[in-house]
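Undergrad: Residue numbers (the working numbering): 77 to 427.
1) Just verifying my parser: in three-state terms, what is the DSSP assignment at residue 176?
2) Is residue 225 near residue 189, with beta carbons less than 8 Å apart?
3) Under DSSP, the beta strand (DSSP E) around residue 391 begins and ends at which residues?
4) DSSP beta-bridge partners for residue 91?
5) Run through DSSP, which three-state label would residue 263 get?
6) CB of residue 397 to nearest heavy atom of the ligand SAH: below 7 Å?
7) With a floor of 4 residues, list each alpha helix (DSSP H) that falls wholly inside the stretch 206 to 252, ordered by position along the chain.
8) Does the Cβ of residue 235 have 16 or more other Cβ atoms within 10 Å, making it buried, or fewer, making it exposed?
9) Thinking just about the alpha-carbon of each residue, which of 288, 340, 106 and 180 is nearest to the one in residue 221?
10) Using DSSP with H/G/I as helix, E/B as strand and the rest coil, what is residue 369?
11) With 16 as the cutoff for other CB atoms within 10 Å, does residue 151 come out buried or exposed?
12) Pick from 350, 333 and 383: whose alpha carbon is nearest that of residue 394?
13) From what residue to what residue does the alpha helix (DSSP H) around residue 359 run?
14) Residue 206 to residue 140, Cα distance in whole Å?
15) Using 10 angstroms around the beta-carbon of residue 245, count the other beta-carbons present and answer buried if the total reaches 16, otherwise exposed.
16) Indicate whether residue 123 and residue 108 have their beta-carbon atoms separated by less than 8 Å.
17) Under a three-way DSSP split, which group does residue 311 fall into?
18) Can you tell me whether residue 292 is helix, strand or coil according to DSSP?
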């Protein structure tokens, strides 16, 4: 048994035409962000990607039997993500994809399904169902997650697990009140009409499609709140202005047998000036970092923490706008297949 909670999250992307009411974006796509209820014990009032914790029903062997006739089920047996190695299941890549799709449906009413063309496509399709049918099944699944496969069989659809690309994995740092180990997937929608997002009024209270730069501008203007993983991942998306370029990159990763999704555990330093979360690769990342590493206190200044190679988030202790900032320096700019995080302080327009 692992000492943390396992979960899956979905970074759902669509052509930015789905919403153009938030100003001009530098990106040709938007991402779906949900605002969590202020009543939630974990991350109240925080905007996040859809997702949630793994449920025993996601591990049911009914799923491989149900899906094996239409997909290459064996591709999901690869343990190419650290989180896959922590569960006893022949198809761990299937398990967490089902979790991400189920949770997205619960929270938004958007159901990613396999279509006639999706098996050979890098894009996902949303099932168009009457609102009363969506609400009926969302309510059932919210109270009993095992109803997800019942729904799929009854309305004769299959979750589009093939369209989800592995992206990253986070084990929450010690600063988090609840420790989740989360794998993030990316899925891109094939059509561009406005999707009807029905937040559940339980876990989430609003939803919106935002370009990565629009979302981060809102964060710095205090109109939207993020936890460090959202700040970090929206910054990583800054490497891809066009959705087609991102899909091309993800496809190369998918076809690379050596590509691995490593667990990222941030280590927290509390200094007089700021809180620092150092990520793997940072010169100040402890060699013995583990889940039990506590918040580390130091009397050093922020200048003392300066280094040639940085991979960290920094929040100042004082000031009117206390926000996480990405600090990233890489001594080797020519490494292949690296998603170098671009510093937000330089302005997204310079990317």
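Glycine residues also receive a C-beta, built at the ideal position from the N, C-alpha and C atoms.
Small disclaimer: the values here were computed from a predicted structure and weren't measured.
TA: Checking against the coordinates, here is how it stands:
1) Within the chain shown, numbered from 1, the residue matching residue 176 stands at position 100. In this structure, residue 176 counts as helix in the three-state DSSP scheme.
2) Translated into the one-based positions of the chain shown, residue 225 becomes position 149. Translated into the one-based positions of the chain shown, residue 189 becomes position 113. No, these two residues do not count as a Cβ contact at 8 Å.
3) Residue 391 sits at position 315 when you count from the first residue of the chain shown. Here the beta strand (DSSP E) through residue 391 covers 386 to 392.
4) Taking the first residue of the chain shown as position 1, residue 91 is located at position 15. Beta-bridge annotation (DSSP): residue 91 is paired with 105.
5) Within the chain shown, the letter at position 187 stands for residue 263. In this structure, residue 263 counts as strand in the three-state DSSP scheme.
6) Questions concerning the ligand SAH fall outside what the structure shown contains, since it holds no ligand whatsoever.
7) Unbroken alpha helix (DSSP H) stretches of 4 residues or longer found wholly inside the stretch 206 to 252: 207 to 219 and 223 to 230, given in chain order.
8) The residue you call residue 235 lines up with position 159 of the chain shown. Per the 10 Å Cβ criterion, buried.
9) As a position in the chain shown, residue 221 is number 145, starting the count at 1. Closest by C-alpha distance to residue 221, out of 288, 340, 106 and 180, is 180.
10) Locating residue 369 in the chain shown gives position 293, where the first residue counts as 1. Residue state for residue 369 is assigned as coil, using DSSP reduced to three classes.
11) Indexing the chain shown from 1 puts residue 151 at position 75. It counts as exposed.
12) As a first step, residue 394 is located in the chain shown; it is residue number 318 there, counting from the start. Answer by Cα proximity: 350.
13) Here residue 359 is taken as the residue at index 283 of the chain shown, counted from 1. Where residue 359 is concerned, there is no enclosing alpha helix (DSSP H), given that its DSSP letter is neither H nor E.
14) Within the chain shown, residue 206 is the residue found at index 130, counting from 1. Within the chain shown, residue 140 is the residue found at index 64, counting from 1. One C-alpha to the other measures close to 28 Å.
15) In the chain shown, the residue the question calls residue 245 occupies position 169. It counts as buried.
16) Within the chain shown, numbered from 1, the residue matching residue 123 stands at position 47. Within the chain shown, numbered from 1, the residue matching residue 108 stands at position 32. No, the pair does not count as a contact, with Cβ atoms beyond the cut-off.
17) Within the chain shown, residue 311 is the residue found at index 235, counting from 1. In the structure shown, residue 311 sits in a helix (DSSP, three-state: H, G or I).
18) The residue given as residue 292 occupies position 216 in the chain shown. The three-state reading of DSSP puts residue 292 in helix, counting H, G and I together.
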